[in-house]
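Numbering (this note's numbering), first residue to last: 2 to 459.
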């Protein structure tokens, strides 16, 4: 771990040309709790050659390096601008959902029809097994909580939508969900005072995300991958099909490149990824350790991963070590990231949901950039068949679990395999670009205002 710069809370992927070089971690609880980072290979110090280079040492870059080595015998070189798991990998809620992107299953049906929705659902179940198996791997230390997924209705109208969604899951997809009334939620799970009921899904695993990333890194290096931290890609050229990636310490020459930079992808990195994601900030807080009396007063009877149904949703859970973690959407720009009002929004949510915790201390507060695709669906693709460039991005806030499956598929693509799932929307086209780039932030601001109104009236 080579720290050259202090953490910069105002970094903005739409404004800054680079996330830095050797920048320290964000002050998240996961970083505090994960222990020392695993060994890496330090910064690039000279020109070198590699068969495959992966850019970004978050979930996707690390897991792809692991799968390339374990399943294809390819020892990749991972280039990370800062630290292992530095981006949203160390700043998310640790919630492993059965979700491919942001669209609901009923939205799949409306967009592609019942047959494609069934295929996507089957693919999501198959992919979730990849994540589940990794959380059960003896080499992986990530504190898994395989208790399912609880989706809390924040209003009576939202409960009606959950009931319809549950019927579709059960009757059309054969996925056995249950709807719960408010009393059952309070009796069996938590005393969320905003709950009007919930939908319970059988699949869902909460993890300590940075420990998961550290495990991926250790396994990848044990199988021969190299992870170079403090090595941002500053310039990228391609000549005769060979890629030249310039870092502060030297240029790396590679046959193939996999891009795994998610919400931290600079528009300047490469034309194939420029403006393909909308970086959206989410913040998260972690409380002090709760007393047994506080846990009882809040009715916190489970560590199940939980989200509510707001457009600007909250995601929260009781950690095994008796802290409450809760997060939501945050500032729109990096310049506004540390504004106290964003922390106030989360404190107000804690007080509404769990009045006994009103005013509780939250020693850890951090934010990270998610990669929201413009059609709310991720992609695992080789966007130009003439170039050995690949990416897996657009997870839209569901990267904890999806990244495991996506990385395995990305590794297969890089290794030259044809994917049998090629016909699915997440494999058969690149991420769409945004048509109104100069005013995206203005549109986001107006959309948030609209969502705030919707969340109050529906």
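Note that the Cβ used here is the ideal one computed from N, Cα and C, for glycine as well.
Because the structure is a prediction, the values reported are computed rather than measured.
Quiz item: How many Å lie between residue 320 and residue 254 at the Cα?
Solution: Working through the chain shown from its first residue, we reach residue 320 at position 319. Working through the chain shown from its first residue, we reach residue 254 at position 253. Rounded to the nearest angstrom, the two C-alpha atoms are 44 Å apart.
Exercise. Helix, strand or coil for residue 391, going by three-state DSSP, please let me know.
Key: Mapped onto the chain shown, residue 391 falls at position 390. Strand.
Quiz item: Helix, strand or coil: which one does DSSP assign to residue 447?
Solution: Reading the chain shown from its first residue, position 446 is the one you call residue 447. Residue state, collapsed to three classes: helix.
Quiz item: Taking the Cβ atom as the reference point for each residue, do residue 212 and residue 35 lie within a distance shorter than 7 Å?
Solution: Stepping through the chain shown from its first residue, residue 212 is reached at position 211. Stepping through the chain shown from its first residue, residue 35 is reached at position 34. Cβ atoms of residue 212 and residue 35: closer than 7 Å.
Self-check item: Beta-bridge pairing of residue 110 - partner residues as DSSP gives them
Solution: Sequence index remark: in the chain shown, residue 110 carries index 109 (1-based). Answer is none; residue 110 lacks a bridge partner.
Quiz item: According to DSSP, what are the bridge partners of residue 365?
Solution: Residue 365 sits at position 364 when you count from the first residue of the chain shown. Paired residue(s): 287.
Quiz item: Which ranges does the alpha helix (DSSP H) cover as unbroken runs of at least 4 residues, wholly within the region 115-164, from first to last along the chain?
Solution: 115-136
Self-check item: Simplified DSSP state of residue 406, which is helix, strand or coil
Solution: As a first step, residue 406 is located in the chain shown; it is residue number 405 there, counting from the start. Of the three classes helix, strand and coil, the one that applies to residue 406 here is helix, per DSSP.
Quiz item: Near residue 303, which residues of its chain fall below 6 Å by C-beta distance, leaving aside the five closest residues on each side in sequence?
Solution: Taking the first residue of the chain shown as position 1, residue 303 is located at position 302. A distance below 6 Å between beta-carbons, with the five flanking residues on each side excluded, links residue 303 to the following residues of its chain, in chain order: 190.
Practice problem: Taking residue 414 as the reference, give the member of 401, 402 and 381 with the closest Cα. | Solution: The sequence position of residue 414 within the chain shown is 413, counting from 1. The shortest Cα separation from residue 414 among 401, 402 and 381 belongs to 381.
Quiz item: Under the rule that 16 or more other beta-carbon atoms within 10 Å means buried, what is residue 160, buried or exposed?
Solution: Residue numbering aside, residue 160 sits at position 159 when the chain shown is read from its first letter. Looking at its Cβ environment, which holds 16 or more other Cβ atoms inside 10 Å, residue 160 is buried.
Quiz prompt | Exposed unless 16 or more other CB atoms sit within 10 angstroms - verdict on residue 455 | solution = To locate residue 455, count along the chain shown from 1; it is residue 454. It counts as exposed.
Quiz item: Under the rule that 16 or more other beta-carbon atoms within 10 Å means buried, what is residue 228, buried or exposed?
Solution: In the chain shown, residue 228 corresponds to position 227, counting from 1. By the 10 Å Cβ count, residue 228 comes out buried.
Practice problem: Report the residue from 135, 109, 184 and 234 whose alpha carbon sits nearest the alpha carbon of residue 166. | Solution: One-based indexing of the chain shown puts residue 166 at position 165. Taking only the C-alpha atoms, the option nearest residue 166 is 109.
Quiz item: Counting Cβ pairs, one atom from each stretch, are 3 or more of them under 8 Å apart for the region 68-81 and the region 215-227?
Solution: yes
Quiz item: What span of residues does the alpha helix (DSSP H) with residue 67 cover, start to end?
Solution: The count along the chain shown starts at 1 and reaches residue 67 at position 66. Looking at the DSSP string, the run of the alpha helix (DSSP H) that includes residue 67 is 60-73.
Quiz prompt | Backbone secondary structure at residue 352 - three-state DSSP | solution = One-based indexing of the chain shown puts residue 352 at position 351. In the structure shown, residue 352 sits in a helix (DSSP, three-state: H, G or I).
Practice problem: Might you give, ordered along the chain, the residues of its own chain that have their beta carbon closer than 6 Å to the beta carbon of residue 81, omitting 5 neighbours on each side? | Solution: Locating residue 81 in the chain shown gives position 80, where the first residue counts as 1. Cβ within range, chain order: 58 and 230.
Practice problem: Count the C-beta pairs between the region 281-289 and the region 122-140 that are closer than 8 Å, then say yes if the count reaches three, no if not. | Solution: no
Exercise. On a CA-only basis, which of 220, 30, 188 and 38 is nearest residue 64? Give me that one, please.
Key: Numbered from its first residue, the chain shown carries residue 64 at position 63. The shortest Cα separation from residue 64 among 220, 30, 188 and 38 belongs to 220.
Quiz item: Out of curiosity, what's the CA-to-CA distance linking residue 39 and residue 215?
Solution: For the purposes of this step, residue 39 is identified with residue 38 of the chain shown, where counting begins at 1. For the purposes of this step, residue 215 is identified with residue 214 of the chain shown, where counting begins at 1. Rounded to whole angstroms, residue 39 to residue 215 spans 6 Å at the Cα level.
Exercise. Compute the Euclidean distance between the alpha carbons of residue 272 and residue 56, then round it to the nearest angstrom.
Key: Counting from one through the chain shown, the residue named residue 272 turns up at place 271. Counting from one through the chain shown, the residue named residue 56 turns up at place 55. So the alpha carbons of these two residues sit roughly 15 Å apart.
Quiz item: What number of angstroms, rounded off, separates the C-alpha of residue 248 from the C-alpha of residue 181?
Solution: Here residue 248 refers to the residue found at position 247 when the chain shown is read from its first residue. Here residue 181 refers to the residue found at position 180 when the chain shown is read from its first residue. Residue 248 and residue 181: Cα-Cα distance of roughly 53 Å.
Practice problem: Using alpha carbons as the reference points, say which of 24, 316 and 42 lies closest to residue 77. | Solution: As a working note, residue 77 is residue 76 in the chain shown. For residue 77, the nearest C-alpha among the options comes from 42.
Quiz prompt | residue 295 (DSSP reduced to helix, strand or coil) | solution = Residue mapping note: residue 295 aligns to position 294 of the chain shown, counting from 1. Of the three classes helix, strand and coil, the one that applies to residue 295 here is helix, per DSSP.
Quiz prompt | Secondary structure, alpha helix (DSSP H): runs of 4+ residues fully inside the region 164-217 | solution = 183-189
Quiz prompt | Three-state secondary structure assigned by DSSP to residue 47 | solution = To locate residue 47, count along the chain shown from 1; it is residue 46. In this structure, residue 47 counts as coil in the three-state DSSP scheme.
Self-check item: As assigned by DSSP and simplified to three states, the class of residue 305
Solution: Here residue 305 corresponds to residue number 304 of the chain shown, with the count starting at 1. Of the three classes helix, strand and coil, the one that applies to residue 305 here is coil, per DSSP.
Quiz item: Is the distance from the Cβ of residue 28 to the Cβ of residue 393 below 7 Å?
Solution: Here residue 28 corresponds to residue number 27 of the chain shown, with the count starting at 1. Here residue 393 corresponds to residue number 392 of the chain shown, with the count starting at 1. No; because the gap between Cβ atoms is not below 7 Å, this pair is not in contact.
Practice problem: Could you check the C-alpha separation between residue 26 and residue 416 for me, to the nearest Å? | Solution: Stepping through the chain shown from its first residue, residue 26 is reached at position 25. Stepping through the chain shown from its first residue, residue 416 is reached at position 415. Approximately 32 Å between the Cα atoms of the pair.
Quiz item: Under three-state DSSP, which class holds residue 347?
Solution: In the chain shown, the residue the question calls residue 347 occupies position 346. Residue state, collapsed to three classes: helix.
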